[in-house]
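Each remark here refers to the structure printed beneath this line.
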Amino acid sequence: MQQPPDTDPLNPPQRTLMGPGPSEVHPRVLRIMSAPLIGHLDPAFIEIMDEVQELLRYTFQTDNRWTIPVSGTGSASMETAFGNLVEPGDTVLVPTNGYFGGRMESMAERAGGDVVHVDAPWGEPLDPDDVAAAFDEHDPDVFGFVHAETSTGVLQPQVSELTSIAHEHDAYVIADCVTSLGGVELRVDEWDVDVAYSGGQKCLSCPPGASPLTLNDRAMEKVLGRDTDVRSWYLDLSLLEGYWGEERSYHHTAPITNVYALREALQLVAEEGLEARWERHREMATELKEGLEEMGLEMNPDDEFWLPSLNAVRVPDGVDDGKLLAELQEEHALEIASGLGDLEGEILRIGCMGYSARTPNIQFVLSALEEALANQGYEA
Ligand SMILES: Cc1ncc(COP(=O)(O)O)c(C=O)c1O
1 MQQPPDTDPL
11 NPPQRTLMGP
21 GPSEVHPRVL
31 RIMSAPLIGH
41 LDPAFIEIMD
51 EVQELLRYTF
61 QTDNRWTIPV
71 SGTGSASMET
81 AFGNLVEPGD
91 TVLVPTNGYF
101 GGRMESMAER
111 AGGDVVHVDA
121 PWGEPLDPDD
131 VAAAFDEHDP
141 DVFGFVHAET
151 STGVLQPQVS
161 ELTSIAHEHD
171 AYVIADCVTS
181 LGGVELRVDE
191 WDVDVAYSGG
201 QKCLSCPPGA
211 SPLTLNDRAM
221 EKVLGRDTDV
231 RSWYLDLSLL
241 EGYWGEERSY
251 HHTAPITNVY
261 ALREALQLVA
271 EEGLEARWER
281 HREMATELKE
291 GLEEMGLEMN
301 PDDEFWLPSL
311 NAVRVPDGVD
321 DGKLLAELQE
331 EHALEIASGL
341 GDLEGEILRI
351 GCMGYSARTP
361 NIQFVLSALE
371 EALANQGYEA
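In terms of UniProt numbering, the sequence shown has 288 at position 288, counting the first letter as 1, and numbering is strictly consecutive.
Here you go:
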């Protein structure tokens, strides 16, 4: 008989979360997560599902019928988008200007797609002329782009231009909105995005676990008209439709507590008002950016492409980013992150998302960072 391990009741450390996600969870969301479970087919839960869908439509600014939370983290809603829309043999155009374009590539390949690229350096958005040239060269069936690239702190502007190019070529557009939904202007219908997905733990300030996804009728027609089954049973929208569509029949047990949490997080978006929320993110991130610049630090992206929800700032010469992050965590219980991929060792990534996007948090990051930089001999 194996003996029980010698563990104590769980008591995770308190942290101030100002990294690329998760952000701090709103107290009202935490509270609702201790509410008793009800069954995933209980009429009361079905009502909650309807409300989540309605609130998601508002937050995505869409009338799409096919608007659901996918069970799992942002990668699950991402894989649902790529795994359903991409059929074997489809050509899929993905960007190379950040970490998550690379993940799009992996998912599109696993779905049987032939991947082609549109290039831009890490730290810059896609140029519509380059996207148009890639369409002329490859004539892709599906085009994925990242609206808010968490690895570089770049916001993709001119989304309507990108979607027009794709639609002139009869392609479908998938937008990664993981770090923009609920924090940065996003208008799915007005910008003519066919499929958009997100996660809970960024600007919605919800724990990860139920991840927003929306598809327009055109995209869903492609999904429902596939010649081959979606390779994942769990993420197959033609099956999930039975649970989230009219029928409300069992597919898998919904992560009930996560759905409660998302419902409350979206309720908070509705109460604040989407535009006011975008404005708050911008104001708080401006306070952060100005504070960083006063310290003599330099933002990585041009102002034009600055992403308020994720601030990428250059590591000053002579500063060891790993040591800096360790000191912030050990001495201040503060989480921010370093760079990834092409920007590894070159930038720090400071989130300004959801409930974390408020003055006390911003001031705390600025003072802790100033102290930690000074401890490495940095002078503004
Ligand atoms: C832009 C972007 N896309 C996709 C993901 C994947 O989400 P998750 O880590 O929740 O699976 C993330 C997570 O950080 C992200 O920032």
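Where is the CB? At the ideal position from N, CA and C, for every residue including glycine. Since the model is a prediction, treat every value here as computed from it, not as a measurement.
Start-to-end residues for the beta strand (DSSP E) that takes in residue i
i: asparagine 311; result: 310-314
i: isoleucine 336; result: Per DSSP, isoleucine 336 belongs to no beta strand (DSSP E) and is neither H nor E.
i: alanine 35; result: No beta strand (DSSP E) holds alanine 35; DSSP gives it neither H nor E.
i: phenylalanine 305; result: That residue, phenylalanine 305, is in no beta strand (DSSP E); it is neither H nor E in DSSP.
i: leucine 348; result: 347-351
i: threonine 91; result: 91-95
i: valine 116; result: 114-118
i: glycine 144; result: 142-146
i: valine 230; result: Where valine 230 is concerned, there is no enclosing beta strand (DSSP E), given that its DSSP letter is neither H nor E.
i: tyrosine 197; result: 195-197
i: valine 173; result: 172-176
Boundaries of the alpha helix (DSSP H) in which residue i is found, first to last residue
i: histidine 167; result: 159-168
i: serine 151; result: It is not in any alpha helix (DSSP H) - serine 151 carries neither H nor E in the DSSP assignment.
i: glycine 83; result: 74-85
i: proline 212; result: Premise fails: proline 212 lies in the beta strand (DSSP E), 209-215, not in any alpha helix (DSSP H).
i: alanine 132; result: 128-138
i: tyrosine 243; result: 237-244
i: proline 360; result: 359-374
i: alanine 270; result: 256-272
i: valine 52; result: 43-60
i: tyrosine 99; result: 99-110
Cβ neighbours of residue i in the same chain (closer than 7 Å, five flanking residues each side left out)
i: threonine 163; result: Val173, Trp191, Asp192, Val193
i: arginine 280; result: Ala357
i: residue 381; result: Not covered by the structure: residue 381. The range shown for the chain is 1 to 380.
i: methionine 33; result: Thr257, Tyr260, Ala261
i: histidine 332; result: Ala368
i: arginine 249; result: Note that residue 249 is serine in the sequence shown, not arginine. Result list for serine 249: Gly242, Tyr243, in chain order.
Own chain residues within Cβ distance below 8 Å of residue i, not counting five before or after
i: isoleucine 48; result: Val259, Tyr260, Arg263
i: proline 121; result: Asn97, Asp342
i: valine 195; result: Ala81, Leu85, Tyr172, Val173, Ile174, Ala175, Leu213, Thr214, Leu215, Asn216, Ala219
i: histidine 138; result: Thr91, Leu93, Val116
i: alanine 76; result: Val70, Ser211, Leu235
i: alanine 132; result: Ile165
i: methionine 353; result: Gly21, Ser23, Thr179, Gly183, Lys202, Cys203, Ser205, His281, Ser309, Leu310
CB of residue i within 8 Å of CB of residue j, strictly
i: glutamate 298; j: valine 313; result: yes
i: glycine 183; j: tryptophan 278; result: yes
i: tyrosine 234; j: proline 212; result: no
i: glycine 351; j: glycine 74; result: no
i: leucine 268; j: valine 52; result: no
i: tyrosine 58; j: alanine 270; result: yes
i: methionine 284; j: tryptophan 66; result: no
i: glutamine 158; j: histidine 147; result: no
i: histidine 26; j: tyrosine 378; result: no
i: aspartate 63; j: aspartate 229; result: no
i: histidine 169; j: phenylalanine 135; result: yes
i: proline 301; j: glycine 21; result: no
i: alanine 372; j: leucine 324; result: yes
i: glutamine 363; j: arginine 187; result: no
i: valine 70; j: proline 95; result: no
i: glutamine 366; j: glycine 291; result: A quick correction: the sequence has leucine, not glutamine, at residue 366. Yes. Within cutoff.
i: asparagine 375; j: glutamate 330; result: no
Chain C within 8 Å of residue i, Cβ atoms only
i: aspartate 136; result: The displayed structure is made up of one protein chain only, and chain C is not part of it.
6 Å CB neighbourhood of residue i in its chain, flanking five on each side removed
i: valine 223; result: Asn84, Leu237
i: isoleucine 38; result: Ala44, Phe45
i: methionine 78; result: Tyr197
i: glutamate 185; result: Trp278
i: cysteine 206; result: Val29, Gly200, Ala261, Leu262, Ala265
i: serine 82; result: Sequence inspection shows phenylalanine at residue 82; the serine mentioned does not correspond to that position. For phenylalanine 82, where only same-chain residues beyond five positions count, the Cβ hits under 6 Å are Met107, Ala108, Ala111.
i: phenylalanine 305; result: Pro125, Val154, Leu155
i: glutamate 161; result: Pro128
i: tyrosine 243; result: His251
i: proline 179; result: Per the sequence shown, the amino acid found at residue 179 is threonine instead of proline. So the list reads Ala148, Thr150, Lys202, Ser309, Leu310, once near-sequence residues are dropped.
i: phenylalanine 143; result: Leu93, Ala166, Ala171, Val173
i: arginine 226; result: Glu87
i: alanine 254; result: His40
Whole-number beta carbon distance between residue j and residue i, since they are thought to touch under 8 Å
i: glycine 102; j: valine 86; result: Between valine 86 and glycine 102 the Cβ distance is about 16 Å, and since that is not below 8 Å, they are no contact.
i: glutamate 370; j: methionine 295; result: 6 Å
i: leucine 334; j: alanine 368; result: 5 Å
i: valine 315; j: isoleucine 347; result: 6 Å
i: threonine 359; j: glutamate 246; result: In fact, because the Cβ distance is near 46 Å, the residues do not count as touching under 8 Å.
i: serine 338; j: aspartate 317; result: Not really, about 16 Å apart at Cβ, beyond 8 Å.
i: isoleucine 68; j: leucine 240; result: 7 Å
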